[in-house]
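Below is one structure, written out as structure tokens; comments come after it.
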């Protein structure tokens, strides 16, 4: 009784063409599947690079906002010290017109950032910014306005930081998920490679 399966012999090793064809087809399918996993891996890697760029950008903005917030808090505290001294002099001398100059760094900060403060730096045309000097002296009301402006700015920077913190958390979570996906994809690809090697044994 004859079989339809062709038998071949090479180097004293016997095999059938049908088995080889099946093995080759299976291997080809596995190689194709492995290529798909490689593409998926590359896509995840590209996504990771994009997320890392986003994290770096958001992190930089967060740092800038934090520095600005701390600077405004510092300016507010220094202005408050001057304000308290003026208030004490007003009480002691019973003179509501007591005035005092601001520290040099506070004056520089206001001028460098062109901060418009009603009754203080809004003396330009149409209420635009008008710089102040270290020789200028301010009364209690003006000092309160200056401190109030610094407090408003500090709060604004703090609110922005809360938003950046949330963005960082979301971005880092996405990065973690992508790294996990890459690990899982590579693990699956390694399993396929092992199967391919086994088919050739």
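In the working numbering, the protein residues as written are 4 to 204. Where a beta carbon is used, it is the ideal one built from N, C-alpha and C, also for glycine.
Hey, out of the options, whose CA is closest to residue i's CA?
i	options	result
residue 147	54, 103, 133	103
residue 139	175, 154, 114, 63	114
residue 52	187, 179, 76	179
residue 155	39, 76, 49, 47	76
residue 175	44, 62, 42	62
residue 163	79, 92, 118, 66	66
residue 43	194, 201, 184	184
residue 153	97, 117, 50	117
residue 167	64, 90, 131	64
residue 145	190, 50, 105, 94	105
residue 149	100, 83, 46	83
residue 100	122, 141, 128	141
residue 151	45, 41, 123, 56	123
residue 98	71, 143, 56, 128	143
Going straight from the alpha carbon of residue i to that of residue j, what length do you get?
i	j	result
residue 60	residue 133	34 Å
residue 120	residue 173	37 Å
residue 107	residue 126	20 Å
residue 192	residue 69	44 Å
residue 197	residue 73	57 Å
residue 110	residue 136	6 Å
residue 48	residue 181	8 Å
residue 33	residue 186	Confidence at residue 33 is low in this model, with a pLDDT of 48, below 50, so the placement of that residue is unreliable and no value is reported for it.
residue 161	residue 78	15 Å
residue 96	residue 80	24 Å
residue 39	residue 201	20 Å
residue 194	residue 50	24 Å
residue 94	residue 131	34 Å
residue 58	residue 171	6 Å
Below 8 Å, is the gap between the Cβ of residue i and the nearest heavy atom of the ligand NAD?
i	result
residue 111	No copy of the ligand NAD appears in this structure; indeed no ligand is present at all.
Taking buried to mean at least 16 other C-beta atoms within 10 Å of its own C-beta, is residue i buried or exposed?
i	result
residue 86	buried
residue 188	buried
residue 165	exposed
residue 129	exposed
Problem - Length at least 4, wholly inside the region 90-142: the alpha helix (DSSP H) runs in chain order - result: Runs found: 107-115.
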